[in-house]
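S.K.:
There are 2 protein chains.
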Amino acid sequence: METVLTTEQRILEAARKVFFAKGFGGARMQEIADEAGINKAMLHYYFRSKDQLFDVILEEALGRLWPTVGEIFMGEGTLAEKIGGFVDLYVEMVQERPYIPLFIMNEAQSNPAKLLARLGECRPPLQQMATAMQQAAARGEIRAADPRQTLMHLMSLVVFPFVARPVLKMFFGLTEDQFISLARERKREITCLIMNDLKPDTPVNN
Amino acid sequence: METVLTTEQRILEAARKVFFAKGFGGARMQEIADEAGINKAMLHYYFRSKDQLFDVILEEALGRLWPTVGEIFMGEGTLAEKIGGFVDLYVEMVQERPYIPLFIMNEAQSNPAKLLARLGECRPPLQQMATAMQQAAARGEIRAADPRQTLMHLMSLVVFPFVARPVLKMFFGLTEDQFISLARERKREITCLIMNDLKPDTPVNN
DNA sequence: GTCTATACGGCGATAGAC
DNA sequence: GTCTATCGCCGTATAGAC
Numbered sequence: 009m010e011t012v013l014t015t016e017q018r019i020l021e022a023a024r025k026v027f028f029a030k031g032f033g034g035a036r037m038q039e040i041a042d043e044a045g046i047n048k049a050m051l052h053y054y055f056r057s058k059d060q061l062f063d064v065i066l067e068e069a070l071g072r073l074w075p076t077v078g079e080i081f082m083g084e085g086t087l088a089e090k091i092g093g094f095v096d097l098y099v100e101m102v103q104e105r106p107y108i109p110l111f112i113m114n115e116a117q118s119n120p121a122k123l124l125a126r127l128g129e130c131r132p133p134l135q136q137m138a139t140a141m142q143q144a145a146a147r148g149e150i151r152a153a154d155p156r157q158t159l160m161h162l163m164s165l166v167v168f169p170f171v172a173r174p175v176l177k178m179f180f181g182l183t184e185d186q187f188i189s190l191a192r193e194r195k196r197e198i199t200c201l202i203m204n205d206l207k208p209d210t211p212v213n214n
Numbered sequence: 009m010e011t012v013l014t015t016e017q018r019i020l021e022a023a024r025k026v027f028f029a030k031g032f033g034g035a036r037m038q039e040i041a042d043e044a045g046i047n048k049a050m051l052h053y054y055f056r057s058k059d060q061l062f063d064v065i066l067e068e069a070l071g072r073l074w075p076t077v078g079e080i081f082m083g084e085g086t087l088a089e090k091i092g093g094f095v096d097l098y099v100e101m102v103q104e105r106p107y108i109p110l111f112i113m114n115e116a117q118s119n120p121a122k123l124l125a126r127l128g129e130c131r132p133p134l135q136q137m138a139t140a141m142q143q144a145a146a147r148g149e150i151r152a153a154d155p156r157q158t159l160m161h162l163m164s165l166v167v168f169p170f171v172a173r174p175v176l177k178m179f180f181g182l183t184e185d186q187f188i189s190l191a192r193e194r195k196r197e198i199t200c201l202i203m204n205d206l207k208p209d210t211p212v213n214n
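So the sequences go chain by chain: A and Y.
Taken in order, the first sequence gives residues 9 to 214; the numbers are from the working numbering.
Taken in order, the second sequence gives residues 9 to 214; the numbers are from the working numbering.
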């Protein structure tokens, strides 16, 4: 139970903060050093170069992209429960680290080579999701649907509002508290939206 | 019908390209000059500083954020038609200029002051949309719903896939062509998704 | 209006004392 | 391991010839 962080830990914490906020190109080694309360030279002592320091941060971030989402879809229960679980977990992740998705989308555009190579190793649980959806469709719980579209719907609905948070707050004239409560309402809304879309055809009631 | 562009126009075109791709911090005046086929000094001759050049580009981009969306919701027709029209128009806009949303979300985070002031003047047509939804609800065409949530749904579903395009292509293992056709399918999907969600309660069939 | 040359500062990175 | 000092490069911006 040591509350004193090592120099390396303080550097990493500072680097996360600055890289996530400014991206690779916008981040300054000096700012990271200041944030960590140490000297610029120490950054190079511990991590040779800006590139290598960035790689460590990037690796961490990518590892946290897909929490334990795959397991949710492989577990027991109805698809509605699984989708609900996915949304809960994913909203929580994005809410805790809102900078990560924007950071990743940015780097994917400005430094594609660097990012996309590593991104290949962090695929979403598309296979598990497809299986879960097929089984649910066979049970008549939902209609047949393209799991890629459904995953894109889910990611869009969960991630976008946090990525665009400052813009949306301005558009809707919201305070931070109001935004948070609006975001909270969304969890349930999103699940309903998706399940409604996947409802099986009901010729009788049509 | 003059195909020869003035120097100023060529600078602006080059600046759009570079700023949209790299953001303010990542863009280099040298790159803009090369792209325009002129000298670096000319940039400063026409636009004094990088900041002022950027402001011009930003202004343009903000003006194109909301096409003539407001009019769609004020016109005749069912809400389903209006939503469909919104999606068509908005997808088209984002498809044509995919860099603009990411660019705006970025600058909103890294240079909030500069952007958010001007952003206030480019609000989405929330008022028109709210009115159209209230009227549709009164006609029994849809259930009562928070127009802010509906607008957030729409923006999320339309914008996110384009902003995250490189990432999604990698996740799903898609070529550019495959991505485009997936995006095309989405237009209809999104409209259905939203209208399904807004369907009025039907106690008889419930 | 367009060019070359240059000023000036900030950046990443390293050397070397302690 | 930690610091100060400094190198070399590249960024924005300007001066001045044509």
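Note that the Cβ used here is the ideal one computed from N, Cα and C, for glycine as well.
1. Do we get a CB-CB distance below 8 Å when we pair Leu110 (chain A) with the residues of chain Y?
2. Which chain Y residues are close to Glu149 (chain A), counting only those with a beta carbon under 8 Å from its beta carbon?
3. Is DSSP giving Gly31 (chain Y) helix, strand or coil here?
4. Would you say Phe179 (chain Y) and Arg126 (chain A) are within 8 Å of each other, going by their C-beta atoms?
5. Distance check for Val99 (chain Y) and Asp205 (chain Y), CA to CA, integer angstroms please.
6. Determine whether the Cβ of Gln157 (chain A) lies closer than 8 Å to any Cβ atom of chain Y.
7. Looking at the unbroken alpha helix (DSSP H) that takes in Gly92 (chain A), where does it start and where does it end?
8. Using a Cβ-Cβ cut-off of less than 9 Å, list which residues of the stretch 183-212 of chain Y approach chain A; keep chain order.
9. If you check the beta carbons only, do Trp74 (chain Y) and Pro155 (chain Y) fall under 8 Å apart?
10. Along chain Y, which residues have their Cβ under 7 Å away from the Cβ of Met113 (chain A)?
11. Just checking my contact of Met141 (chain A) with Ile150 (chain A) at CB under 8 Å: how many whole Å lie between their CB atoms?
12. Quick check on DSSP: helix, strand or coil for Gly71 (chain Y)?
13. Residues of chain Y with CB under 8 Å from Lys30 (chain A), in chain order?
14. Could you tell me the distance, in whole angstroms, from the CA atom of Lys207 (chain A) to the CA atom of Gly148 (chain A)?
15. On the criterion of 16 or more Cβ atoms from any shown chain inside 10 Å, does Gly71 (chain A) qualify as buried, or is it exposed?
16. Using a Cβ cut-off of 8 Å (strictly closer), state whether Gly128 (chain Y) contacts chain A.
17. Could you confirm whether any beta carbon from chain A is found closer than 8 Å to the beta carbon of Val167 (chain Y)?
18. Using 8 Å as the threshold, is the C-beta distance between Ser164 (chain A) and Leu165 (chain Y) below it?
19. Would Phe32 (chain A) pass as a contact of Ile108 (chain A) if the rule is Cβ separation under 8 Å?
20. Any beta carbon of chain Y sitting closer than 8 Å to that of Met163 (chain A)?
21. By DSSP, does Ser118 (chain Y) sit in helix, in strand, or in coil?
22. Using 10 angstroms around the beta-carbon of Gln117 (chain A), count the other beta-carbons present and answer buried if the total reaches 16, otherwise exposed.
23. Let me know the secondary structure DSSP gives Val212 (chain Y) once reduced to three states.
24. Could you tell me the alpha carbon to alpha carbon distance between Leu61 (chain Y) and Ile80 (chain Y), rounded to whole angstroms?
25. Assign Val12 (chain A) to buried or exposed, taking buried as 16 or more other Cβ atoms, counted over all protein chains shown, within 10 Å of its Cβ.
26. Using a Cβ cut-off of 8 Å (strictly closer), state whether Phe94 (chain Y) contacts chain A.
27. According to the neighbour-count rule (16 or more other Cβ atoms, all chains shown, within 10 Å of its Cβ), is Ile202 (chain A) buried or exposed?
28. With a cut-off of 8 Å, does the C-beta of Phe179 (chain Y) fall near any C-beta of chain A?
29. Measure from the alpha carbon of Glu84 (chain A) to the alpha carbon of each residue in A:Gln17, A:Pro174, A:Ala144 and A:Thr183, then state which is nearest.
30. Determine the direct distance from the alpha carbon of Leu124 (chain Y) to that of Arg24 (chain A), and round the result to whole angstroms.
31. Grab me the residues of Val26 (chain Y)'s own chain with a C-beta within less than 8 Å of its C-beta, minus the 5 sequence neighbours each way, in chain order.
32. Give the straight-line distance between the Cα atoms of Ala152 (chain A) and Thr199 (chain Y), rounded to the nearest whole angstrom.
33. Suppose contacts are defined by Cβ-Cβ distances below 8 Å. Is Ile112 (chain A) in contact with Ala146 (chain A) by that definition?
34. Are any of the Cβ atoms in chain Y nearer than 8 Å to that of Met160 (chain A)?
35. Helix, strand or coil, according to DSSP, for Ala191 (chain A) in the structure here?
M.R.: By the coordinates alone:
1. For Leu110 (chain A), the answer is yes, since a Cβ of chain Y falls inside 8 Å of its Cβ.
2. Within chain Y, no C-beta atom comes nearer than 8 Å to that of Glu149 (chain A); the closest sits roughly 16 Å away.
3. Helix.
4. Taking 8 Å as the Cβ cut-off, Phe179 (chain Y) and Arg126 (chain A) do not qualify as a contacting pair.
5. Rounded to whole angstroms, Asp205 (chain Y) to Val99 (chain Y) spans 20 Å at the Cα level.
6. Interface residue, yes.
7. Here the alpha helix (DSSP H) through Gly92 (chain A) covers Leu87 to Glu104.
8. Going along the stretch 183-212 of chain Y in chain order, one finds Leu190, Glu193, Arg194, Glu197, Ile198, Cys200, Leu201, Ile202, Asn204, Asp205, Lys207, Thr210 and Val212 with a Cβ nearer than 9 Å to chain A.
9. For Trp74 (chain Y) and Pro155 (chain Y), no; Cβs fall outside 8 Å.
10. Those are Leu110, Val171, Ala172 and Val175, listed as they occur along chain Y.
11. Indeed they touch by this definition, with Cβ atoms about 7 Å apart.
12. DSSP places Gly71 (chain Y) within a helical segment (H, G or I) once states are collapsed to three.
13. Residues of chain Y passing the Cβ test: Gly33 and Ser118.
14. Roughly 9 Å separates the two Cα atoms.
15. Exposed: under 16 other Cβ atoms inside 10 Å.
16. Nearest CB-CB separation between Gly128 (chain Y) and chain A: below the 8 Å threshold.
17. Output row for Val167 (chain Y): interface = yes.
18. In contact: Ser164 (chain A) and Leu165 (chain Y) (Cβ atoms closer than 8 Å).
19. No; because the gap between Cβ atoms is not below 8 Å, this pair is not in contact.
20. By this cut-off, Met163 (chain A) is an interface position.
21. Residue state for Ser118 (chain Y) is assigned as helix, using DSSP reduced to three classes.
22. Gln117 (chain A) should be labelled buried.
23. Legend: pLDDT at Val212 (chain Y) = 44, less than 50; position of this residue unreliable, value from coordinates given subsequently. Coil.
24. If you draw a straight line from the Cα of Leu61 (chain Y) to the Cα of Ile80 (chain Y), it is about 33 Å long.
25. With fewer than 16 Cβ atoms within 10 Å of its Cβ, Val12 (chain A) is classed as exposed.
26. No, its Cβ sits nowhere closer than 8 Å to a Cβ of chain A.
27. Flag for Ile202 (chain A) reads buried.
28. With 8 Å as the cut-off, Phe179 (chain Y) counts as an interface residue toward chain A.
29. Closest option to Glu84 (chain A), Cα to Cα, is A:Ala144.
30. Straight through space, the alpha carbons of Leu124 (chain Y) and Arg24 (chain A) are spaced by roughly 25 Å.
31. Excluding residues within five positions, the ones whose Cβ falls inside 8 Å are Ala35, Arg36, Glu39, Ile40 and Glu43.
32. Answer to the nearest angstrom: the Cα atoms are 18 Å apart.
33. No, the pair does not count as a contact, with Cβ atoms beyond the cut-off.
34. Yes, contact with chain Y.
35. The DSSP-derived three-state label of Ala191 (chain A) is helix.
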